[in-house]
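Okay, so here's the structure we're looking at.
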Amino acid sequence: MDKSTALIFDIQRFCLHDGPGIRTTVFFKGCPLRCRWCQNPESHRKHPELAFFRGRCMGCGECVSRCKDNVLSWTGEVHIDFSRCSACGECAKQCSSGALRIIGKEWNVEGLVAEVLKDREFFDESGGGVTLSGGEPLLHSSFLYPFVTMLREAGVNVMIETCGYFRWHSAEPLVDLIDGMYFDLKVMDQTLHKEYTGEENTLILENFTRLSERGNNVQARMPVIPGINDSAENVVATAGFLRERGHRTIHCLPFHHLGLSKAGTINSDIAGLDVPAADETIMKRVQQIFCGEGIDAVIYRV
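Going by this note's numbering, the sequence shown runs without a break in its numbering and finishes at 303.
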């Protein structure tokens, strides 16, 4: 894919939890991590892919006859050999029920700017703006620099949500353009981090430290995953890491099971988690531990 374009898998409007005011959130496709609790598993791969929402299928069979690669077959219900799918989209075009859909659309800079500026009236009235999410938006740094530049020239507030696993030399020009960054701190133990996300956290912690030392507006976030990162040991370690870098707040996001159902639509190869959702009791306990360590934990119920 040309670096002057980026693959977007969703654009959500009227978002209230991705920064100040009313926001339009742009979801970039591609992520270096494979978090087993990911709420957007369709964001992982860097290419378009076919999704099948089985519950919407009417069983008409039109998709089977349209597939030139013989990816789809019919034996009383639709079966898909995802390993052979080229994501050409012909089957999705024939699917009137929306059971088949291609995840990921290529946008150029000018087109995406024009699309998000359709909501400028709401940004101006609410003090909102555009949030770049994913996936990992900073994988698309060469696209983001001109995109963010055009938005800033238009007076639009721009935030980024990041997993923190990015190359600093690519991201550095961007961090001085944006208004702020939401930065995930998932698990402090390096071994556990690799086990549950596929990568160690050394680079993530280094990037957070760099941003903090530079005085950039970076807000820590933690997805609360019962039995994995909600232990007193991990919360205390996270609090100490934040204090040492001059931070006094963290946003805590409760884990839910939405991502597991989405993973099945794209034949994700990420093993799911057999853990409960993070309920009010778990969230309050984590909040109290942070508070005892001098960190104000804000619970986000999204």
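Every residue gets a Cβ at the ideal spot worked out from N, C-alpha and C, and that includes glycine. Please read these numbers as outputs of a predicted model, since none were measured by experiment.
Item: Starting from Y146, trace the alpha helix (DSSP H) both ways and give me its first and last residue.; Value: S142 to E154
Item: Does DSSP put T25 in a helix, a strand or coil?; Value: strand
Item: For S134, which three-state DSSP category applies?; Value: strand
Item: Tell me the rounded alpha-carbon separation between E200 and C61.; Value: 43 Å
Item: Considering Cα atoms alone, identify which of A100, I229, R46 and C96 is closest to G56.; Value: A100
Item: Can you list, in chain order, the residues of its chain whose CB lies under 6 Å from that of V65, leaving out five sequence neighbours each side?; Value: L73 and W75
Item: Taking Cβ to Cβ, would you say T239 is nearer than 8 Å to D297?; Value: no
Item: Measuring CA to CA, which of V27, V188, E162 and K94 is closest to E234?; Value: V188
Item: Would you kindly report the start and end of the unbroken alpha helix (DSSP H) that includes F124?; Value: R121 to S127
Item: Could you tell me which residues DSSP puts in a beta bridge with K106?; Value: I9
Item: Give the range of the alpha helix (DSSP H) segment to which S304 is assigned.; Value: The question about residue 304 has no answer here: the residues shown for the chain are numbered 2 through 303.
Item: Does the stretch 130–137 come into contact with the stretch 21–40, if we say contact requires no fewer than three beta-carbon pairs (one atom in each stretch) closer than 8 Å?; Value: yes
Item: Taking 8 Å as the limit between beta carbons, can you name the residues of its chain near N109, skipping five residues before and five after?; Value: S5 and T6
Item: Are the stretch 143–161 and the stretch 45–56 in contact at 8 Å, needing three or more beta carbon pairs?; Value: no
Item: Can you say whether N202 is buried or exposed, counting buried as having 16 or more other CB atoms within 10 angstroms of its CB?; Value: buried
Item: Once DSSP output is grouped into helix, strand and coil, what is the label at Y166?; Value: coil
Item: So, at 8 Å on beta carbons, what are the nonlocal neighbours of L178 in its own chain, with the 5 sequence-adjacent residues on each side left out?; Value: Y146, V149, T150, R153 and V159
Item: With contact counted as at least three CB pairs below 8 Å, one residue from each stretch, are the stretch 78–96 and the stretch 110–121 in contact?; Value: no
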